[in-house]
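K.L.:
Have a look at this one before I ask anything.
There are 2 protein chains.
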Amino acid sequence: MTPAAASGPVADFDEETSAELVNASWADATDERSRELLSGLVSHLHAFVKETEPTHEEWERALRFLTDVGQKCDDTRQEFILLSDVLGVSMLVDAINNRKPQGATESTVLGPFHLVDSPARTLGADIALDHVGEPCVVAGTVRSIDGTPVPGALVDVWQANGDGFYDVQQPGVQPELNLRGLFTTDDEGRYWFRSVVPRHYPIPQDGPVAALLRATGRHPYRPAHIHFIGGARGHQPVTTHLFLDGSPYLDSDAVFGVKRSLVTPVREVRDAGRAAAFGVEAPFRLIEFDLVLTPDTSAS
Amino acid sequence: MTPAAASGPVADFDEETSAELVNASWADATDERSRELLSGLVSHLHAFVKETEPTHEEWERALRFLTDVGQKCDDTRQEFILLSDVLGVSMLVDAINNRKPQGATESTVLGPFHLVDSPARTLGADIALDHVGEPCVVAGTVRSIDGTPVPGALVDVWQANGDGFYDVQQPGVQPELNLRGLFTTDDEGRYWFRSVVPRHYPIPQDGPVAALLRATGRHPYRPAHIHFIGGARGHQPVTTHLFLDGSPYLDSDAVFGVKRSLVTPVREVRDAGRAAAFGVEAPFRLIEFDLVLTPDTSAS
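In order, the protein sequences belong to chains A and B. So the first sequence is numbered by this note's numbering: it starts at 666 and just counts up by one. So the second sequence is numbered by this note's numbering: it starts at 666 and just counts up by one.
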């Protein structure tokens, strides 16, 4: 674009021309994808403004809110991801990027707490280093979509404790790497470990996103869940949670992460043989959750 | 919303249901307008995501960008307003809130430099305390839409100097309140003052918004202009600029502020009588800009 000494713009900026004029300004962008994303953004943003007609004060308040969201972020807090989460956008991006065949384990959001690499642990290990919560066993099989068990698959797990807090939220209170583990499935594709039943918990309450929920009558809670990333050679990894059946807020997760196929019961098991196999005493609580992976056709 | 012990959400979150499910979450908002704004935002944001299908990495990059924009803000810098400006949203909000009858002075964006109250000055005062730039006289009449001059109207003015900088951008270099003035029109609705011809200038170059423009091949410049807020009893105030005819970038203002009706020539005047009336010597440079206000029917 060259400086012009003309006596004004070709077309005046008005409610009719606004998006078109702004999108013409991307004409010199060399990256086609940037132009596509920015043009889509501008078109929808202008349509939103024309539809809702915010006053100057409302628009200033919106920009002030976004500023506050940015300023709340630091090395261990990402308030913009949280905003994306509570507006359902994180889940939508997840859905678009994880269209899976029927029968594969459905994905859900990564969430903000996979901050540290999970420590490699042996099958059967107890990941509840602080023992805060009701003891349980978590077990399952990693399978391919055709039902074949996948030996040597990686199962990365992280969760909150029985009070509803992750280790990184309580430094000095919880041991480091509490309730995190990276497991490798055995020859029959199985994994199992000991843990505690996690509690539902609120999103961080001290930021502008929580304030938005309060101002609009929304509660801040996520139903109780355990995070998983399952991965295996020749398969697409899946990032998901299991949600505990009976947890409050299953029908109103603050970040819209629940899918019915991921709701899993905690069963009481009285069989002494099974208890012994897991290294616990009967009766014990058992959560069974299989991971069904989709073959990665692009890499095969 | 009450905690539910159901076994999952009523409908699964997916690409079809996403916006509907998120917007159902505002059902308990007591403020109708908040619900309207948030529902519109969510509908358009989800439509944008479905249309452009960002990858996880692209969405993370977008949230990182917004975070950087928020973190660039401080007491004298508002990078989110700047983002709103370069996406044409500030001008669109302005257009929606300033639908004026034919003949009224058109509005444009306030901009980020009206940080301080302009000092009241007497008619004819020289507001260029640093004398950086080519001297000129700025003069005009404030009229009502029917042509009647408006005595006692307030004309608030601020501008960059001949190097393209505002006082607040060069503390310690420019005198305080340089190139700012609040004038009151005389009995015939006239205002006049001495100043310098401002230069075109770039938006702040050290932030994420300027980086976005660079990455997309857009220049950062605003054509040369002088800011005005005109106001008078019984009339709607107008926030506008005059743009200097012949300035570079009139056809590609980085913030889309130019309207053809606001482009104004700098004329050389040789008439010694007119020069004397303004307290300057002939020949002198003159910028004439009338402000035509709309009667405020709501207050009449």
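Where a beta carbon is used, it is the ideal one built from N, C-alpha and C, also for glycine.
Which of helix, strand or coil does DSSP assign to B/Ser708?
P.N.:
The answer is helix: DSSP assigns B/Ser708 an H, G or I state.
K.L.:
Cβ of B/Val734 within 7 Å of Cβ of B/Leu748?
P.N.:
Yes, Cβ-Cβ distance for B/Val734 and B/Leu748 is below 7 Å.
K.L.:
For B/Thr982 and B/Pro777, I'd like the C-alpha separation in whole angstroms.
P.N.:
Chain B is shown only over 666 to 965; residue 982 of chain B falls outside these bounds and no answer can be derived.
K.L.:
Given 8 Å as the limit, is there contact between the stretch 710-725 of chain A and the stretch 715-725 of chain B, that is, 3 or more CB pairs closer than that?
P.N.:
Because the criterion of three Cβ pairs below 8 Å is not met, the stretch 710-725 of chain A and the stretch 715-725 of chain B do not touch.
K.L.:
What three-state label does DSSP hand A/Ala889 in the structure shown?
P.N.:
Looking at A/Ala889 - three-state DSSP - the assignment turns out to be coil, as it is neither helix nor strand.
K.L.:
What are the residues in the stretch 859-885 of chain B lying within 8 Å of chain A by C-beta distance?
P.N.:
Result list: Ala880, Thr881, Gly882, Arg883 and His884.
K.L.:
Would you list, in chain order, the members of the stretch 744-775 of chain B that have their beta-carbon closer than 7 Å to a beta-carbon of chain A?
P.N.:
Of all residues in the stretch 744-775 of chain B, Phe745, Ile746, Ser749, Leu752, Gly753, Val754, Met756, Leu757, Val758, Ala760, Ile761 and Asn762 have a Cβ within less than 7 Å of some Cβ in chain A.
K.L.:
Along the beta strand (DSSP E) that carries A/Val861, what are the first and last residues, could you check?
P.N.:
Here the beta strand (DSSP E) through A/Val861 covers Arg855 to Val861.
K.L.:
By the DSSP assignment, the beta strand (DSSP E) with B/Leu958 in it spans what residues?
P.N.:
Counting along the chain, the beta strand (DSSP E) containing B/Leu958 begins and ends at Leu956 to Pro960.
K.L.:
Just to confirm the assignment, what range does the alpha helix (DSSP H) spanning A/Leu909 have?
P.N.:
That residue, A/Leu909, is in no alpha helix (DSSP H); its beta strand (DSSP E) goes Val903 to Leu909.
K.L.:
Quick one, are the C-beta atoms of B/Asn933 and B/Ala940 less than 7 Å apart?
P.N.:
Sequence inspection shows Glu at residue 933 of chain B; the Asn mentioned does not correspond to that position. No, they are not a contact pair.
K.L.:
Over the uninterrupted alpha helix (DSSP H) stretch that includes B/Phe943, give me the two end residues.
P.N.:
That run of the alpha helix (DSSP H) goes Ala937 to Phe943.
K.L.:
What residue does the alpha helix (DSSP H) around A/Ala804 start on, and which one ends it?
P.N.:
No alpha helix (DSSP H) contains A/Ala804, which is instead part of the beta strand (DSSP E) from Pro800 to Ser809.
K.L.:
Could you pull the start and end residues of the beta strand (DSSP E) that A/Trp823 belongs to?
P.N.:
Segment Leu819 to Gln824, the beta strand (DSSP E) holding A/Trp823.
K.L.:
Using only the alpha-carbon positions, how far apart do A/Phe921 and A/Ser912 sit?
P.N.:
Taking the straight line joining both Cα atoms gives about 15 Å.
K.L.:
A/His890 and A/Trp823 look like a contact to me (Cβ under 8 Å); what is the Cβ gap, rounded to whole Å?
P.N.:
Between A/Trp823 and A/His890 the Cβ distance is about 10 Å, and since that is not below 8 Å, they are no contact.
K.L.:
In its own chain, which residues sit with a C-beta less than 7 Å from the C-beta of B/Val707, not counting the 5 before and 5 after it?
P.N.:
Correct list, in chain order: Ala684, Val687 and Asn688.
K.L.:
According to the Cβ coordinates, are B/Val774 and B/Leu956 closer than 7 Å?
P.N.:
No, the pair does not count as a contact, with Cβ atoms beyond the cut-off.
K.L.:
Excluding the 5 residues preceding and the 5 following B/Ser965 in the sequence, name in chain order all residues of the same chain whose CB lies nearer than 6 Å to its CB.
P.N.:
Because B/Ser965 sits at a pLDDT of 43, beneath the cut-off of 50, its placement in the model cannot be relied upon, and the point is left open.
K.L.:
What residues from the stretch 924-941 of chain A come within 7 Å of chain C, judged by C-beta to C-beta, listed N to C?
P.N.:
Considering every chain present, this structure includes no chain C. Its protein chains are A and B.
K.L.:
Mind checking which residues open and close the alpha helix (DSSP H) that includes A/Val687?
P.N.:
Segment Ser683 to Ala689, the alpha helix (DSSP H) holding A/Val687.
K.L.:
Could you check the C-alpha separation between B/Thr717 and B/Gln870 for me, to the nearest Å?
P.N.:
C-alpha separation (whole angstroms): 29 Å.
K.L.:
From the DSSP output, which residues share a beta bridge with B/Gly812?
P.N.:
Answer is none; B/Gly812 lacks a bridge partner.
K.L.:
With which residues is A/Phe949 paired in a DSSP beta bridge?
P.N.:
Beta-bridge pairing links A/Phe949 to A/Val934.
K.L.:
At a CB-CB cut-off below 9 Å, which residues of chain A make contact with B/Gly735?
P.N.:
Simply Leu731, Thr732, Asp733, Val734, Gly735, Gln736, Lys737, Cys738, Glu744 and Phe745.
K.L.:
7 Å is my cut-off, CB to CB: does A/Gly705 come that close to chain B?
P.N.:
Yes - at least one Cβ of chain B is within 7 Å of the one on A/Gly705.
K.L.:
Roughly how far, in whole angstroms, is the beta-carbon of A/Arg845 from the beta-carbon of A/Val802, given that I think they are within contact range, below 8 Å?
P.N.:
Actually they do not touch by this definition, with Cβ atoms about 17 Å apart.
K.L.:
Could one say the Cβ of A/Val781 lies closer than 7 Å to chain B's Cβ atoms, at least one of them?
P.N.:
It does not; no Cβ of chain B falls within 7 Å.
K.L.:
Going by DSSP in three states, A/Val838 sits in which element: helix, strand or coil?
P.N.:
The answer is coil: DSSP assigns A/Val838 none of H, G, I, E or B.
K.L.:
Count the other C-beta atoms from every protein chain shown that fall within 10 angstroms of the C-beta of B/Thr667, then say buried if there are 16 or more, exposed otherwise.
P.N.:
Legend: pLDDT at B/Thr667 = 40, less than 50; position of this residue unreliable, value from coordinates given subsequently. It counts as exposed.
K.L.:
Distance, Cα to Cα, B/Phe954 vs B/Gly705?
P.N.:
The straight-line gap from Cα to Cα measures roughly 40 Å.
K.L.:
When you compare only the Cα positions, how much space is there between B/Ala676 and B/Asp832?
P.N.:
Looking at the two C-alpha atoms, the distance is approximately 57 Å.
K.L.:
For A/Pro719, which residues in the same chain have their Cβ closer than 8 Å to its Cβ, ignoring the five residues on either side in sequence?
P.N.:
The residues are Ala727.
K.L.:
Can you name the start and end residues of the alpha helix (DSSP H) that A/Thr732 belongs to?
P.N.:
Unbroken alpha helix (DSSP H) run through A/Thr732: His721 to Lys737.
K.L.:
Cα separation between B/Gly872 and A/Gly872?
P.N.:
If I take the Cα positions, the gap works out to 24 Å.
K.L.:
Would B/Val687 count as contacting chain A if we go by Cβ distances under 7 Å?
P.N.:
By this cut-off, B/Val687 is an interface position.
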